[in-house]
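2 protein chains.
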Amino acid sequence: MSIRDVAIVGTSMTKFGRSNKTELEMFAEAALDSIYNSDIEPKNIEELYLGNCAGAINEGQVNMCAHAAEEIGLHQIPSTTFEGACASSAVAFIHAYREVAAGYNDTVLVAGTERNMTLRPTGWATRVFQCSADQRYTQFTGLTFPGIFAMAANRYMKKYDISKEAGEEALACVSVKNHHNGALNPKAHLQKEITIDTVLQSPKVADPLKLYDCCPFSDGAAALVLTSAEKAKKLTDTPIYVAGVGQSSQGSLCTQSDITYPIGRAVSSKKAYKQAKIEPKDIDIAEVHDCFTSAEIIAIEALGLFERGHGWKAEKEGETAVDGKLPINTSGGLKAKGHPIGATGCAQIHEIVEQLRGDAGKRQVNKVEVGLADNMGGEFGTITTIILRR
Amino acid sequence: MSIRDVAIVGTSMTKFGRSNKTELEMFAEAALDSIYNSDIEPKNIEELYLGNCAGAINEGQVNMCAHAAEEIGLHQIPSTTFEGACASSAVAFIHAYREVAAGYNDTVLVAGTERNMTLRPTGWATRVFQCSADQRYTQFTGLTFPGIFAMAANRYMKKYDISKEAGEEALACVSVKNHHNGALNPKAHLQKEITIDTVLQSPKVADPLKLYDCCPFSDGAAALVLTSAEKAKKLTDTPIYVAGVGQSSQGSLCTQSDITYPIGRAVSSKKAYKQAKIEPKDIDIAEVHDCFTSAEIIAIEALGLFERGHGWKAEKEGETAVDGKLPINTSGGLKAKGHPIGATGCAQIHEIVEQLRGDAGKRQVNKVEVGLADNMGGEFGTITTIILRR
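Residue numbers (the working numbering), protein chains in the order written: chain B, 193 to 582; chain W, 193 to 582.
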C-alpha cells in the first residue's frame, strides 16, 4: 500500500486541573482553539475522532462523539468515540492518522476530554480508574493502580539488585524532575517545584510509592488538527509530521511474565520505529506514561530509550532532565501536568508538537528533530507509540 | 485514493436474550465461532475492532478491547473499543473496513458485545440507555427513549394526517411482522408470533407506543471476520463484499428540525449509496434500527427505501414482509431478535450476510443481491449505513 504524509497543523489543550466545565465544554475549548490556530476553516474539518474513557460513569454521557461534533458546529460529520482507558485519545489519533494517510479525509480533528476530579469524592476516581483493569482477574483482588505500580517498582528493585533506599531515591528524582518541568508549563495541573525530601516524606500510598510518586486526578481536554502534508505546507511554516505509529494490547496482569518490561510496549514501539525508519537512539525527546514514578522508568526502558536496568540511574543522574541527554516528560508528564485520562494521549502529542515547533517557552529543549509520545491504558492493556518529526 | 475490495468471510452471533456470561465471555463465543467458520487461522487476525457501549456502567469494565484480544489468544495485536451508543459495533465495522480497504491489515476481527438484561433491575437499563441522549439538554427533562420515539410517532401522524387508530395499527403491523421473523430466527431473543391485538392491548409505555412497540433489553454478542477480496476468494465460494459505507452525526434532539426525517440518516445513506454506485431502489433487503416500531418507519423513509409519508402504509400492506416487495428486518429486528446495544451493529450485518449467502433458513428471501444495514445510536446522534453485496 502507499500512504501519504500527514502533518499536525493545529494543537491546543485546556489548563489541566480542577474545572467547573463539562467534558463537552472542555472539549469545545481545546477543539476551537486548535482549529483557530491551524488556520483551517472549521467547515473543512471532515471527521472527528474523540478519546474519552469514563464519561458514562462520571457524567452519565455515552455517545459523546455526536454531541461533540455539534457542540463546535460540525453538523453531520462522522464522529466516533475511541476508548482504550488512559490511552483513549492516542488510539483515536492513530486511527485518524491512518485514515488521513490513506486519503479518506484531508483534514480531521482529534481530541480527548475527561473529568476526573470534580463531581465526586476522591475514592470514586480511584474506583473509576480501577475499571480499566480486568474485572474478572484483577479488580476483585482489591488491587488498584498504586498497588500495581508499587509491585512493578519492588520487582524492578529486586531484579536489578537495587537497595530500597537507592530505589526510592531514584523514584523521587522522577517526581522532582517532572514537578520542575510542570512549574515551567502554564497549562500544568501542579506548577510547583518540590525536593527529594518532599517525596520521601509524603504519606505512603503503596510501598514503595508515596503520595508524590503518584499523578493527580485532573480535568482537561486536548485537541489536534491533522491534515495531508500537501495542505499543511500551505497553512504553516512548521508542519509537524507523523513519522510512525504503533499500537498493541496485553491482557490481565496475571498473564504477564514480567511487569518491569511490558512486552506490548516493546511490540508497539518497534512498529513505530520501523515505520519512522529510525532507532530509539534517534529520539530527541519523549513524553511517556508516568502515572506513577515507577511507570516512567519502566516506560523508558521498554521503549528502548535507556538500557534495561539502567533507567533508574539515568533518572538519578539527570539524563532525563530538560537539559539532559534525552529529556523525558518536559511537559511535567502525568505527574505534574496532570492526567485527565481521555485527554492524556492528545496532550502528550501537544507537548511534542510545541517542542518540535520551538514553542515550548521556558521548558524548550535545544535542537529537537524527532519526538515520541508513549501512552498506556490499564494494567499495560492498551499501548500506543506515536513518533513525530519536524 | 485507491482502495481495494473487502469481503466478510466469517460471521457469528450468540443467541440473544438473557445470558449468564460476562460481556467478554459472550464476545469470545461469537468471535471464536466467526473465526472458525471463516477458515482463517486465528494467528492471521491482525487487529480487533470492538463495539461496546456501557461496559463501564454495567460491569465496571473499560479497556475491554485489551482483555478481549487476549481472551481469544490474540496476544499483543492492536485492539480498540469504539463507542457510538447503539451504533457502537457498526462504527467499529466502518473503521475496520476502511483500514483493510486501505491495506493497513489483510484480516481483522470486528465484534460487539453488551449485557443489558442481567445484573440489575429494568429501571437501571432504562437509565443506561438514557445516557446516550444529551446529558445537558435531553436527559434532565426526564425524557427517555420510549418518549422520544413516541414524540416522533405523534409528529409523523400529525404531519401526514393519519388518524390515531390507523397510525397505531400501522405501528402494530411492524411489531407483528418482526415477531413473525423473530420466530423463524433461532438466535432471536423473542421467538413468538403475536397479533395486532397483542400490541394494541399491551400496556401503554409512552402514548402512542405500547409495550409491544418497544424492543427488549437483551444480552449478546456478534462478530465478523473481514479480509481482502483477494484472500476471501481463496477461503470461500460466497464472500460477501462491502459495497459502501456511510457515517454521520447529529446533536441533541432540541436542535433537530424534523425528527420524522433525521437528516443525519439521509447524509449517511447517501454516502453509502454513492460509494456502492447504487440507488435505494437497488436494495433487496435491509436491517434497520427498529428500537421502537415508529423508528422502523422513520428509518425506511430517511434511507429512501420508501417514499416520505408512505412508510406506514407499506408496513400495513405487507411490503416489508419476508415475501414482500422489500423485506425489512428479516432477522426479527431489534424488536424481536433483541438489542444488546454494543452488539446490534454487527448482528445486523450478520443477518445480511446470512441472507446474501442463502443461509437464512426459514426466513430466507429469494434472489438477494444487495443488502443494507442501518444502525443508529442515541437521539439520532450516531448514524451508520453499511451496504453489502454478493
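Using N, Cα and C, we set each Cβ at its ideal position, and we do this for glycine too. Since this is a predicted model, take the numbers as computed values, not measurements.
Annotation: residue 300 of chain W has no Cβ neighbours in chain B at a cutoff of 7 Å; minimum Cβ distance is about 13 Å. Residue pairing for residue 479 of chain B: DSSP places it in a beta bridge opposite B:565. Interface annotation for the segment 423–441 of chain B against chain W: 439, 440, 441, criterion Cβ-Cβ distance under 7 Å. Listed in chain order, the positions of the segment 383–398 of chain W with a beta carbon within less than 7 Å of a beta carbon of chain B would be empty, since no residue qualifies. Around residue 258 of chain B, the same chain offers 271 as residues with beta carbons nearer than 8 Å, after the five sequence neighbours per side are excluded. In the displayed model, residue 536 of chain W falls within a helix according to three-state DSSP. Across the set B:462, B:297, B:529, the C-alpha of B:462 shows the shortest separation from the C-alpha of residue 268 of chain W. Against chain W, a Cβ distance below 7 Å from residue 459 of chain B picks out 268. Every beta strand (DSSP E) of 3 residues or more that sits fully in the segment 425–486 of chain B is shown, in chain order, as 432–441, 477–479.
For residue 389 of chain B, the three-state secondary structure derived from DSSP is helix. Going by DSSP, residue 284 of chain W is part of the alpha helix (DSSP H) stretching over 280–294. In the DSSP secondary-structure assignment, residue 202 of chain B is bridged to B:417.
Counting only Cβ-Cβ distances below 8 Å, residue 296 of chain W has contacts in chain B at 193, 290, 294, in chain order.
Distances from the alpha-carbon of residue 476 of chain B to those of B:443, B:508, B:517 put B:517 closest. DSSP places residue 241 of chain W in the uninterrupted beta strand (DSSP E) bounded by 239–243. For residue 293 of chain W, the CB contacts under 7 Å within the same chain, skipping 5 residues up- and downstream, are 195, 196, 198 in chain order.
Annotation: the segment 211–265 of chain B contains the following complete segments of the alpha helix (DSSP H) (minimum length 4 residues), in chain order: 215–228, 247–251, 256–263. In this structure, residue 435 of chain W sits near residue 468 of chain W, with a CB-CB distance shorter than 8 Å. A direct Cα-Cα distance of roughly 28 Å separates residue 207 of chain B from residue 441 of chain W. Sixteen is the threshold: since fewer than 16 other Cβ atoms of the shown chains lie within 10 Å of the Cβ of residue 389 of chain W, the residue is exposed.
The alpha-carbon separation between residue 372 of chain B and residue 409 of chain B amounts to approximately 19 Å.
About 27 Å separates the beta carbon of residue 446 of chain W from that of residue 243 of chain W, a gap too long to meet the 8 Å contact definition.
Residue 273 of chain W has a beta carbon lying within less than 8 Å of a beta carbon in chain B.
CA-to-CA, the gap between residue 321 of chain B and residue 328 of chain B works out to about 15 Å. Pairing residue 380 of chain W with residue 529 of chain W gives a Cβ-Cβ distance under 8 Å. In this structure, the CA atom of residue 497 of chain W is about 11 Å from the CA atom of residue 480 of chain W. Cα atoms of residue 582 of chain W and residue 209 of chain B: separation of roughly 54 Å, rounded to the nearest angstrom. For residue 271 of chain W, there is no enclosing alpha helix (DSSP H); the residue is found in the beta strand (DSSP E) stretching over 271–275. The beta carbon of residue 337 of chain W lies closer than 6 Å to those of 321 in the same chain, with the five residues before and after it left out. Only exposed fits residue 357 of chain W, as fewer than 16 other CB atoms lie within 10 angstroms of its CB. For residue 525 of chain B, the closest alpha carbon among the candidates B:549, B:489, B:548, B:560 is that of B:489. As the crow flies, the alpha-carbon of residue 492 of chain W is around 7 Å from that of residue 503 of chain W. In the DSSP assignment, residue 339 of chain W falls within the unbroken alpha helix (DSSP H) covering 337–351. Considering only B:533, B:225, B:547, B:572, the residue with the shortest C-alpha distance to residue 250 of chain B is B:533.
The segment 356–400 of chain B contains, as complete alpha helix (DSSP H) runs of 4+ residues, the segments 356–375, 388–392 (chain order).
Put simply, of B:253, B:326, B:200 the residue whose alpha carbon is nearest the alpha carbon of residue 572 of chain B is B:326.
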